[in-house]
Amino acid sequence: MIKINLLPAHILERQRLRSVIIIAAAVIILEVAVLGVAMTRVKGQLTDANTELAYWKTQAGKVAQFDSVIQSTNGQAGFYGRWVAWDTLIGRYHEAWAENLQEFARWIYARVQVDSLLPTPQQVQIQGRTDTLSSFRKAYLNIIRCPRYANVAFNITGVTGGYVQGQTGAGPAPRGPRPAAGTLGGLGGAARTGGGLGGGLRIGLGSRASTGRAASGAMAFGGQRAQAAGGPQQLAALNRLPVGVTFNCLLKPQYTIRLIPPQPPVGGAPVTAVAGRGGGAAARARGGGLQIRMGGRSSAPRGGGP
Amino acid sequence: MAFLSRITRLHIIAGAGVVFVALLVAFSLSFLQPTLRQIKDVKAQQAAQEKTWSQLPAKVAALSQAKQNLAMAEAQANAMLARQPKISTQPFDAMFDLYREYTYGTGPALLRFFLSKGYLPRGIALPATPFTPQAVPPLLVIPMGGFGIQARSFPAVLNFLRQLKDMPRIGVIGGVTIRGTSPNLDVTMPLTVYIMTSNALAPQAQVALAALAQAKAGGAAAGGAGGRRPPGAMRFRMGGGRSR
Chain A
1 MIKINLLPAH
11 ILERQRLRSV
21 IIIAAAVIIL
31 EVAVLGVAMT
41 RVKGQLTDAN
51 TELAYWKTQA
61 GKVAQFDSVI
71 QSTNGQAGFY
81 GRWVAWDTLI
91 GRYHEAWAEN
101 LQEFARWIYA
111 RVQVDSLLPT
121 PQQVQIQGRT
131 DTLSSFRKAY
141 LNIIRCPRYA
151 NVAFNITGVT
161 GGYVQGQTGA
171 GPAPRGPRPA
181 AGTLGGLGGA
191 ARTGGGLGGG
201 LRIGLGSRAS
211 TGRAASGAMA
221 FGGQRAQAAG
231 GPQQLAALNR
241 LPVGVTFNCL
251 LKPQYTIRLI
261 PPQPPVGGAP
271 VTAVAGRGGG
281 AAARARGGGL
291 QIRMGGRSSA
301 PRGGGP
Chain B
1001 MAFLSRITRL
1011 HIIAGAGVVF
1021 VALLVAFSLS
1031 FLQPTLRQIK
1041 DVKAQQAAQE
1051 KTWSQLPAKV
1061 AALSQAKQNL
1071 AMAEAQANAM
1081 LARQPKISTQ
1091 PFDAMFDLYR
1101 EYTYGTGPAL
1111 LRFFLSKGYL
1121 PRGIALPATP
1131 FTPQAVPPLL
1141 VIPMGGFGIQ
1151 ARSFPAVLNF
1161 LRQLKDMPRI
1171 GVIGGVTIRG
1181 TSPNLDVTMP
1191 LTVYIMTSNA
1201 LAPQAQVALA
1211 ALAQAKAGGA
1221 AAGGAGGRRP
1231 PGAMRFRMGG
1241 GRSR
């Protein structure tokens, strides 16, 4: 049997196209549906992640709160600590003064009678007297060995020792054995030429030059030395020492800090802000504030007494 | 209709393929990739937050340590404050407290201290007391000018300096000068006394002190050393020598 398709070709083609279009549309609709599902799932994942993140943020916020509390606690402890440290520093500061003075004195030659010891945070000035220029030389050589000094300058005043005054002619005659000529510090060793300090002052650094050994343990304050040596007569003798000397000793930076008073933690109001007003003028009018008397003798008001 | 009659299956399949791919690309570019990137970022943030959270035990320990330190520092500071005279924070009461402290407190206490150590001080002077109610700063700075002692020997001077840490008030000396010869060494030094008032350790004192520090930065430093005695200063004298 023969099957004959009597439909025209264009009608047959339209039917085939329709089925293709339907299939294509179905595929696209299916794709859109799949993409929609995927979108929903991905969005769900994002929402979950955000929810979880919010939870962890809350938890981490607690840690941050801890941080804040720790910081605040440390800050408060630091505030108290600074006060306590200041109090401790003051004790050390006074100790440092004693220690520094002791160290300054340790390097003063025993044959120097010290008239004054004037330390400042930056330098130490030592004024005193020696019996001879030789002693001065040894004193200088001692003092420059002090490890706390960066620089030592000296000055000699009222030199009457070391040469005989009033002599004319060849110039002052050096006393004692004549050491080999040399130089010392800023003074020229000009003994042979007649120049230099005092016109012929001899300062020798020869074979018997000072060893520079520190006068350890020897208190350079003359009176004490005199006491050890024999009492008031010795003291009187020492007071007539002829060579006046002044040493200006510049402290090394690491030692200057130790002599600067510690400041309060963050400052403080000067007392005049509280005490200077009101009381000042009234006190001046009364002759100078309050007097407190202790002991047998009376004390007159400041500025008003005999 | 003539146009439709020219469309073949190939055309439809090609068109559908283009739409299919275009939808996929559009979905990927406009939604999928940004969203996945967001998720990745969120996960990274989450990991960071988790890491932070994992530090909690260490933070708890640190807080405990900090609290211990605070308690210790507070106890030390309070002990320091307990040694200070009681100065009220109320201006009116403070006026009387300061008058009482200047008159019967600091000066006599210092005198007693020096005498107990065997030194006769000269020239200990306090500024005049306030006679108007004023706000009291957390820290009173009292420059007392120079005072002197007579020491018998150089070691005695050193001993004196070492004993200053036991002063009944917080006192800081300035430059020490020594003149004379033993047994009449004349030791002079400026002294600055600090008095912590009862609000010195209060929390608000931090703010006040910071403000004071700022104000002080512009003006002259209240150094511990030196300083002239303010006008109208009180002077404490003792029997021995006259003090100028």
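Heads up: the sequence lines are chains A and B, in that order.
Sequential numbering of the first sequence, starting at 1, is according to our numbering.
Sequential numbering of the second sequence, starting at 1001, is according to our numbering.
Each residue gets a CB set at the ideal place from its N, CA and C atoms; glycine is no exception.
Candidates the options: which alpha carbon is nearest residue i's?
i: Arg1152/B; options: Thr1181/B, Gln1068/B, Gln1038/B and Gln1046/B; result: Thr1181/B
i: Gln71/A; options: Lys1067/B, Glu1074/B, Ala1073/B and Ala1071/B; result: Lys1067/B
i: Val1187/B; options: Phe247/A, Asn151/A and Leu101/A; result: Leu101/A
i: Ser1088/B; options: Leu1056/B, Glu1101/B, Leu1111/B and Val1025/B; result: Glu1101/B
i: Ala1135/B; options: Leu1063/B, Ala1016/B, Asn1199/B and Leu1110/B; result: Asn1199/B
i: Leu53/A; options: Ile1039/B, Lys1059/B, Pro1057/B and Gln1055/B; result: Ile1039/B
i: Gly18/A; options: Ala1048/B, Ala1022/B and Thr1008/B; result: First, the residue type needs correcting, since residue 18/A is Arg and not Gly in the sequence shown. The shortest Cα separation from Arg18/A among Ala1048/B, Ala1022/B and Thr1008/B belongs to Thr1008/B.
i: Lys43/A; options: Gln1090/B, Pro1034/B, Lys1117/B and Thr1103/B; result: Pro1034/B
i: Asp67/A; options: Met1072/B, Ala1073/B and Ala1058/B; result: Ala1058/B
i: Val1172/B; options: Gln123/A, Ile2/A and His94/A; result: His94/A
i: Gln1090/B; options: Leu1010/B, Leu1036/B and Pro1138/B; result: Pro1138/B
i: Ala105/A; options: Ile1178/B, Tyr1099/B, Leu1029/B and Gln1084/B; result: Ile1178/B
Would you identify the three-state DSSP class for residue i, choosing helix, strand or coil?
i: Asp131/A; result: coil
i: Ile90/A; result: helix
i: Ala1221/B; result: Confidence at Ala1221/B is low in this model, with a pLDDT of 36, below 50, so its placement is unreliable and no value can be given for it.
i: Asn155/A; result: strand
i: Leu7/A; result: coil
i: Tyr55/A; result: helix
i: Arg1179/B; result: strand
i: Ala1156/B; result: helix
i: Ala150/A; result: strand
i: Thr1106/B; result: helix
i: Ile1195/B; result: strand
i: Leu17/A; result: helix
i: Arg1006/B; result: helix
i: Ser1064/B; result: helix
i: Ala191/A; result: Residue placement at Ala191/A cannot be trusted, given a pLDDT of 31 that sits under 50; the coordinates are not used to answer.
i: Gly1118/B; result: coil
i: Ala1135/B; result: coil
Quick one: what's got a C-beta closer than 8 Å to residue i's C-beta in the same chain, skipping five residues either side?
i: Arg213/A; result: Caution applies to Arg213/A, whose pLDDT of 35 falls short of 50 and renders its modelled position unreliable; the model cannot decide the point.
i: Ile1142/B; result: Thr1106, Leu1126, Pro1127, Thr1192, Val1193, Tyr1194 and Ile1195
i: Glu308/A; result: An answer regarding residue 308/A cannot be provided, because it is not within the stretch 1 to 306 covered by chain A.
i: Leu89/A; result: Pro262
i: Val1018/B; result: none
i: Leu12/A; result: Asn5
Could you name the residues of the same chain whose beta carbon sits closer than 6 Å to that of residue i, not counting the 5 residues immediately before and after it, in chain order?
i: Trp83/A; result: Pro265
i: Leu1140/B; result: Ile1195
i: Ser116/A; result: Gln127
i: Ala1014/B; result: none
i: Val112/A; result: Gly128, Thr130, Ala139 and Ala220
i: Gly230/A; result: Below a pLDDT of 50, predicted positions are generally treated as unreliable, and Gly230/A, at 47, falls in that range; the measurement from the model is reported next regardless. No residues qualify anywhere along the chain.
i: Ile1170/B; result: Tyr1194
i: Trp107/A; result: Asn142, Ile143, Cys146 and Ala214
i: Ile153/A; result: Looking at the sequence itself, residue 153/A is Ala, so the reference to Ile does not match. Contacts found: Asn248.
Note down, in chain order, each residue of its chain lying with its Cβ closer than 7 Å to the Cβ of residue i, except the 5 sequence neighbours on either side.
i: Ile260/A; result: Pro121
i: Phe1113/B; result: Met1167 and Pro1168
So, residue i versus residue j, is the Cβ gap smaller than 8 Å?
i: Phe1031/B; j: Glu31/A; result: no
i: Phe1160/B; j: Ile1149/B; result: yes
i: Leu1185/B; j: Val1157/B; result: yes
i: Leu251/A; j: Ala96/A; result: no
i: Gln125/A; j: Thr246/A; result: yes
i: Ala77/A; j: Asn1069/B; result: yes
i: Thr73/A; j: Leu1063/B; result: yes
i: Ile1012/B; j: Ala38/A; result: no
i: Val63/A; j: Trp1053/B; result: yes
i: Pro119/A; j: Gly1175/B; result: yes
i: Phe1154/B; j: Gly1123/B; result: no
i: Gln59/A; j: Gln1049/B; result: yes
i: Leu1201/B; j: Asn1078/B; result: yes
i: Gly81/A; j: Ala1073/B; result: yes
i: Thr1129/B; j: Leu1110/B; result: no
Cβ-based contacts, 8 Å cut-off: residues of the segment 92–112 of chain A near chain B: Tyr93, His94, Glu95, Trp97, Ala98, Leu101, Gln102 and Ala105
Chain B contacts from the segment 27–44 of chain A (Cβ-Cβ distance under 8 Å): Val27, Ile28, Glu31, Val32, Leu35, Ala38, Met39, Val42 and Lys43
Output needed in chain order: residues of the segment 1051–1062 of chain B with a Cβ under 8 Å from some Cβ in chain A. Thr1052, Trp1053, Gln1055, Leu1056, Lys1059, Val1060 and Ala1062
Positions along the segment 66–92 of chain A whose CB lies within less than 7 Å of some CB in chain B: Phe66, Asp67, Val69, Ile70, Thr73, Asn74, Gln76, Ala77, Phe79, Tyr80, Gly81, Trp83, Val84, Asp87, Ile90 and Gly91
Listed in chain order, which residues of the segment 1065–1088 of chain B have Cβ atoms closer than 7 Å to some Cβ of chain A? Ala1066, Lys1067, Asn1069, Leu1070, Ala1073, Glu1074, Gln1076, Ala1077 and Met1080
Under 8 Å, CB to CB, which of the residues in the segment 247–262 of chain A have a partner in chain B? Leu259, Pro261 and Pro262
Residues, ordered as in the chain, of the segment 131–163 of chain A that lie near chain B by beta-carbon distance below 9 Å: none
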